[in-house]
Every structure is written in structure tokens, then in C-alpha cells.
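Going by full-length UniProt numbering, the sequence shown opens with residue 1, and the numbers climb by one from there.
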Amino acid sequence: MMESSIKEIFYPSEEEIKMNRFPVALTIAGTDPTGGAGIQADLKTFQELEVYGMSILTSVVAQNTQGVSDIHHLPLSMLAAQLESVFSDIQPHAIKTGMIATAEMMEIVASRIKSKQTQYIMDPVMVATSGHHLIDEQAVASLKESLLPLATVVTPNLPEAEALTGSPVKTVDDMREAAKVIVHDLGAGSVVVKGGHMEGDAFDLFYDGFSFHELITPRINTRHTHGTGCTFSAAIAAELAKGYTLLDAVKTAKQFIQLAIEHTWGLGKGNGPTNHMAHRRVKGAAKND
Ligand SMILES: Nc1ncnc2c1ncn2[C@@H]1O[C@H](COP(=O)(O)OP(=O)(O)OP(=O)(O)O)[C@@H](O)[C@H]1O
Ligand SMILES: Cc1ncc(CO)c(N)n1
């Protein structure tokens, strides 16, 4: 059964949040000093969706809207220490991973996530919008073998879906086949194959292992799409932290990123960031509307 495109935003009332619990989400990712991607985008997205955000750094990335100029991977001991700091004190309801550049880092993160009963959203970050590779070859293998099978949902774009499956992913049929491989062969709980890199409508395909759901919104004609994938997966993490179903979380994330792209401020000389506050323009979405 194919779902139609999204019709409205649905945010919890104050009462619903109090009733559920105070939702907490953790991002484990790299940095983006211009704020459009990485943990900066994740924390903004958590906050906009009324989820308490925590963050663990994997790599410090010198980047802006025109590209990546340098990357410094934190020592493995620092990654392990940050994980201990968080998990010995505040338990997240949802964990999202973004850029994890090396196989060694992935193994450390995977061993922690394995021991947690929590929703895990994996954004299999491989290449920045500018085309700069953010993880090494060995890390791709480790991502597939160690992290991906732990994921509640994984959110590859088309090139990442190709890297994961080893097959071209150019058409909707290719997306469907890739989704089945990622769930049934590679072991992810579910997958959203993101169609941002395709022509035509912004077509994403969500597959939960049983049925396909098409999430389709009009393509916004803009170059300002830096960090769209980070923001989209962070929105899914926030909604899962609040206790929404996976399909509802994906639908809300889709609407969130659509607005964020549509209302971009066009910052920077290159591919600018999205506007993480745009959802507030939708009547009734913000608390005091
Ligand atoms: N121009 C656009 N108009 C509308 N939606 C878009 C556009 N570009 C991307 N999207 C949507 O943004 C979300 C992220 O998809 P995208 O393919 O851009 O991820 P990504 O390549 O991983 O992002 P990034 O690497 O820049 O963080 C998807 O829901 C996609 O459909
Ligand atoms: C840190 C980081 N993660 C992910 C992306 C993907 O856009 C990026 N550019 N930077």
C-alpha cells in the first residue's frame, strides 16, 4: 500500500510531552562550524522539535558552504571517554550517528549502542555535499558489518545506497531493490532511501521490511541544501525519542526538512544551510501559536 505525500505537521502538545517523559536524544557525529550539518545541525533540530539534545564529537571538520578544508579525528580514547560521560549519567531515548570516519571509531560506537535498548538512527555519512569524502574505505565495511545491523532505521542518500549495496541506485525501482537489500540482507530494521540527488520531485522511499511508503514533496529549486541529510535524520531521531511510530517520525522529518529547505536564508557563498527554524512558520506548530 503506497502512502500519499504528507499533508500536515503534527507536534505533541505540552501535555503529551509531559505525559510521555522528557525526551532526550544523542547525536554522535562530526562538526560543521557554519552550523548547517553535523552535530550543530543535529542539536538545532532536536531543540526545534522540543527534544533535549546531547552530542558526542567524532571528528572536528573545518568546512563551510564551499567545501571541506581540513579534518581532525579525535583520539579513540576521547571518543570512548565522551561515551562513558554520557551513558554513565543521562540515558538517551534515541541515538543518531552521523560522520564516523574510521573503522576503529565505529567499533567503539557499535559496542556501546549494542548494550543499549534504545532507538538507533544511522545516517551513513560518507561524502559531504561538496564531494569531500568524510570516511575511509575500511570504515564503509565496518559501517555495514558493525553499525548497520543495530539500526532501527538507516537513511542513505543515493550514492550511499550504492556504496552499501554495491549496485547502481538511479531509479525508483533501484531504490526499492536497494531498500530490500539494506533491510533483508544487511540487517537494518528499516530504511529511508533519500532521493534528494534525483531529478523531479523530492522522492524518498521508506521501507520497514514489510511495506513501502513513498514520501513525496515538490523539489525546491535551490543550491542551499548543505546538511539536509543530517537535519532529516536528526528529526527522525527527535520524533522517535518522543515516542512516535517510525512512520510518523519519518513523515514529520520529511515535512520538517521540506520547510527548512524552502525557507533557507541562502547564507554563504556556496551550498548554504537549511533553516532549522522554518517549521515555526507553520500555524500551530510552535507552542505559543
Ligand atoms: N531541493 C530539494 N527540495 C526538496 N527536498 C529536498 C531537496 N534536496 C533534498 N531534499 C530532501 O532532503 C532530505 C535529505 O536528502 P538528501 O538526498 O539531500 O540527503 P544527503 O545527500 O544525505 O544530505 P547532505 O549530505 O547534504 O546532508 C530528503 O528528504 C530529500 O528528499
Ligand atoms: C560533519 C558533517 N557530517 C555530515 C555532513 C554531510 O553533509 C557534513 N558535511 N559534515
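The beta-carbon is built from N, C-alpha and C at its ideal position, and this holds for glycine as well.
The model shown is predicted, which means the values in this text are computed figures rather than measured ones.
Compute the distance between the beta-carbons of residue i and residue j, then report whether it is under 8 Å.
i           : j    : result
G187        : L148 : yes
G268        : T34  : yes
L76         : M99  : no
L247        : Q119 : no
L74         : T58  : yes
residue 357 : G270 : The displayed coordinates of the chain run from 1 to 289. Any statement about residue 357 would go beyond what the structure contains.
A238        : V51  : yes
Who are the Cβ neighbours of residue i in its own chain at under 6 Å, not counting the five residues just before and after it?
i    : result
K287 : Only weak support is given to the placement of K287: the predicted model assigns it a pLDDT of 41, under 50, and the question is left unresolved by the model.
L158 : V169 and H197
A161 : V169, A178 and V193
A278 : L259, A260 and H263
Would you mind sorting residue i into buried or exposed? The rule is 16 or more other CB atoms within 10 Å of its CB.
i    : result
E137 : exposed
I182 : buried
P273 : buried
A163 : buried
K7   : With a pLDDT of only 39 at K7, under 50, the local geometry of the prediction cannot be trusted, and the value read off the model is given with reservation. By the neighbour-count rule (16 or more Cβ atoms within 10 Å), K7 is not buried but exposed.
H224 : buried
D289 : Residue placement at D289 cannot be trusted, given a pLDDT of 38 that sits under 50; the coordinates are not used to answer.
E199 : exposed
S4   : Residue confidence for S4 is low, a pLDDT of 44 falling below 50, so the modelled location carries little weight; the figure read from the coordinates is stated next. S4 is exposed by the Cβ-count criterion.
F22  : exposed
T165 : buried
Might you give, ordered along the chain, the residues of its own chain that have their beta carbon closer than 7 Å to the beta carbon of residue i, omitting 5 neighbours on each side?
i    : result
D32  : G38, Q40, A41, V61, Q63 and G227
V154 : M122, P124, L148, I182, A188 and V191
A234 : T27, A41, D42, T45, F46 and K96
Looking only at its own chain, which residues have a Cβ that is under 8 Å from the Cβ of residue i, when we skip the five neighbours before and after it?
i    : result
I135 : M99, I100, A101, T102, V125, M126 and L143
H276 : A41, K44, T45, E48, T231 and A260
M2   : With a pLDDT of 46 at M2, under the threshold of 50, the predicted position of this residue should be treated as unreliable, and no value is reported.
Closest to residue i by CA distance: which of the options is it?
i    : options                   : result
I220 : L259, R21 and Y207        : L259
D174 : R112, D204 and S190       : D204
A110 : A151, T129 and E177       : A151
M54  : V86, H263, A202 and G67   : V86
G266 : A253, V172, F206 and G36  : G36
I113 : T129, A94, H72 and H263   : A94
S130 : G67, P156 and V140        : G67
G229 : V250, F210, A179 and V140 : V250
State the beta-bridge partners of residue i as determined by DSSP.
i    : result
D204 : L215
S55  : T27
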